[in-house]
Amino acid sequence: MIKQLSVFLENEPGRLVKVTRILEDAGIDIRALTVAETADFGILRIIVDDPDKAHGILKENNVAVASDSVLGVEVDDKPGGLRVIAEILAEGEVNIEYVYAFATRSRGKAFIVLRVDDRERAVEVLNSSNIRLVEQNEVSGV
Amino acid sequence: MYWNRKAETLKPGELRRLQGKRLKKVTKYVYRNSGFYKKKFRDLGLKPGDIRGVEDLGRLPFTRKSDLRDNYPYGLFCTGLESIVRVHASSGTTGKPTVVGYTGNDIELWTEVMARSIMATGSTRKDVLHVAYGYGLFTGGLGLHYGGERVGCTVIPASGGNTARHLLLMQDLGSTVLACTPSYAVYLAEYAEKEGIDPREDLRLRVGVFGAEPWSEPMRKRIEDALDLKAYDIYGLSEIVGPGVAQECEEQCGAHIWSDHFLPEIVDPETGEQLGEGEEGELVFTTLTKDGIPLLRYRTGDRTILEYDKCSCGRYHPRMIKVRGRVDDMLIIRGVNVFPSQIEHVLLRIPEVGSHYLLVVEREGPLDVLTVKVEVTEDVISDRVRDLMKLEENIKSSISQALGIKVDVELVEPFTLERSKGKAVRLKDLRE
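Chains as they are written, first to last, in my numbering: chain A, 1 to 142; chain B, 1001 to 1432.
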């Protein structure tokens, strides 16, 4: 499991600046991020090297933030890497709610972050296909 | 608990006789001492002798805030300044402030009704009263202060501002009663939580005396839960005397108007006709015992309903159920009358909604658009956008069900709406 922080942002200039500056000042490194947005607000989802520290520091600065865990899997950083995972999950009848990915600095691997409707089932089918799940400590040390 | 058992428990008949006697007296008094009222009487063809009791109240002329403004500063005073020992002022809605003056007797009367008000909440000389209303021209601070001293409370004249200092004082001095605006009570509770101060462990508050702005029943519950105290509504306005015109007792079922001093009526805000018991309309007061600036039938602009049945506390003094907004802050949104307090009522029933919101009214073409900005709380943040959109939908449909109007809802980040230390700004009307 990987810890993901979700940050509420109003859809206005400067909001991302505020959040990223807080993280920067605390020496937090962002590994990956994605934004889901509506007309007037967005949810910034981020994976960082030290999620607990980041959560604390954001809260202290009155940022609306929540922490939860998402699935992380390792794939080969080459064409078709994500397709393999999507197929396994589809065959297992697991629905993907959102997905994003990031490359690692070494080993020719990429990490994929997944939010699915049935996590237990997802872990089961991924394991039986010999897909390696990624833990937070590996993300922290990317 | 009573301060003045005899006056507070007068039976309806006794009360009416006393009011009638005092009404006749004050009518003669203003006719003799106020050029303003003398002229009004003449214009109406009315003589002081025509007023024989409470039943003739409706024959007297109204007084409005604009009359005070037009006769600024001392024009409505019935005594010379040699008899006036204190002046207070409230911010006028436009231009000059509204100035009121007190003789020694008036201060005495005010202190009396404030002492009644404080004791009606079950507070006694054993209590430590933390006054966080502003001291100064605003009547809140000094009103609570004098009443508290009269009861024998240990009064902490903390005045407004500096929230950290309020919390420090309340912790160190063991304050048991807090007096401030309800919106400041919410702010204090939030601040305490942020600072890691637990009201249950670190504070000894048991009673809150909150007023100077309308607040709703759900707001009361929130404050009571957050600060671990019982919250009571205090009502007043400087034109009548200041805080202590009416006060909720321990039954918490509406503020008792101290009607042996302030005679209330409910009138239709449009026509000025007196309305019957249980009807909602504009609250109007006639001061029965003031010397400095007695007012006949003063239009408060506050909408409420009066209840005259005996309260379980033993008092017959009529209770005003919570102020339902101002006659003049009523919004008309696409033809529907809307009171901001109604929207607050709906919002605070939704558990995910924080205590801070702002209503913004704008005109888009011919249409009025009401946007409700609501601060999200940490508990509702989710990685899924749809959870938050569901919350927006929930707020929208709750408001439209309760009020019959469509509103826009905008979720905003915590601590981004303006915090007030006095009266909260809950409404921005951007229409021309």
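Just so you know, even glycine gets a beta-carbon here, dropped at the ideal spot from N, CA and C. For clarity, every value in this text was computed on a predicted model and none was experimentally measured.
- Annotated three-state conformation of A/ILE22 is helix, per DSSP.
- Secondary structure in the region 1119-1164 of chain B: the alpha helix (DSSP H) runs of 4 residues or longer, each lying completely within the stretch, are 1139-1151 in chain order.
- By the Cβ neighbour-count rule, B/TYR1308 is exposed, with fewer than 16 other Cβ atoms within 10 Å of its own.
- Fully contained in the region 1187-1231 of chain B are the following beta strand (DSSP E) runs of length 3 or more, in chain order: 1207-1211.
- Here B/GLY1161 is not near B/TRP1110, since their CB atoms are 9 angstroms or more apart.
- The alpha-carbon of B/VAL1267 is positioned some 53 angstroms away from that of A/LYS18.
- Inclusion of B/THR1079 and B/GLY1292 in the CB contact set at 9 angstroms is warranted, their separation being smaller than that value.
- Pairing B/THR1009 with B/GLY1141, the inter-Cα distance amounts to about 28 angstroms.
- Counting C-beta pairs with one atom in each stretch, the region 1249-1258 of chain B and the region 1315-1330 of chain B have three or more that are closer than 8 angstroms, which means they touch.
- Put simply, of A/ASP77, A/GLY92, A/GLY81, A/VAL63 the residue whose alpha carbon is nearest the alpha carbon of A/SER128 is A/GLY92.
- Distance from the Cα of B/GLU1224 is smallest, within the candidate group B/GLU1213, B/GLU1277, B/SER1238, B/VAL1209, for B/VAL1209.
- Taking the CA atoms as reference points, B/ILE1350 sits about 19 angstroms from B/VAL1338.
- Within chain A, SER6, ALA66 have C-beta atoms less than 7 angstroms from the C-beta of B/SER1382, given in sequence order.
- Taking a C-beta cut-off of 9 angstroms against chain B, none of the residues of the region 80-96 of chain A qualify.
- Within the region 13-31 of chain A, the residues whose Cβ lies closer than 8 angstroms to some Cβ of chain B are ARG15, listed in chain order.
- When C-alpha distances from B/SER1117 are compared across B/GLU1277, B/GLU1392, B/TYR1146, the shortest belongs to B/TYR1146.
- Residue nearest to B/ILE1240 within the set B/LYS1047, B/GLU1413, B/LEU1076, B/ASP1070 is B/LEU1076 (criterion: CA-CA distance).
- With a 10 Å radius around the Cβ and a threshold of 16 neighbouring Cβ atoms, B/ALA1402 comes out exposed.
- For the 9 angstroms CB-CB criterion, B/GLU1410 and B/VAL1369 do not form a contact.
- By the rule that beta-carbons nearer than 9 angstroms mark a contact, A/VAL116 does not touch chain B.
- Under the 9 angstroms criterion on CB atoms, B/VAL1186 is classed as non-interfacial with respect to chain A.
- The shortest C-alpha to C-alpha distance from A/PHE111 to any of A/ASP118, A/GLU138, A/ILE28 is the one to A/GLU138.
- In terms of Cβ geometry, B/ALA1089 and B/LEU1137 form a close pair [threshold 9 angstroms].
- Bridge partners of A/SER69 according to DSSP: A/LYS3.
- The beta-carbon of B/PHE1210 is placed no less than 9 angstroms from the nearest beta-carbon of chain A.
- Under the Cβ criterion of 9 angstroms, B/VAL1385 is counted among the residues facing chain A.
- Cβ-Cβ distances below 8 angstroms link B/TYR1074 to LEU1081, VAL1099, GLY1101 in the same chain, with the five nearest sequence neighbours on each side left out; the list follows chain order.
- Annotation for A/LEU58: the continuous alpha helix (DSSP H) segment containing it runs 51-60.
- When the beta-carbon positions are compared, A/LEU58 and A/LEU16 stay at least 9 angstroms from each other.
- Take B/SER1400, set aside five residues on each side of it, and the residues of its chain with a beta-carbon closer than 6 angstroms to its own are LYS1406, in chain order.
- With fewer than 16 other Cβ atoms from the protein chains shown falling within 10 Å of its own Cβ, A/GLU12 counts as exposed.
- Of all C-beta pairs linking the region 1222-1237 of chain B to the region 107-124 of chain A, fewer than three are shorter than 8 angstroms, placing the two stretches out of contact.
- Judged by DSSP secondary structure, A/LEU33 falls within the beta strand (DSSP E) whose first and last residues are 30-37.
- Annotated as proximal: A/GLU97 and A/ASP117, with beta-carbon spacing under 9 angstroms.
- The residues PRO51, SER67, SER69, GLN136, in chain order, have a CB closer than 7 angstroms to that of A/LYS3 in the same chain once the five nearest residues on each side in sequence are set aside.
- Close to B/PHE1415, with beta-carbon spacing below 7 angstroms, are these residues of chain A in chain order: ASN62.
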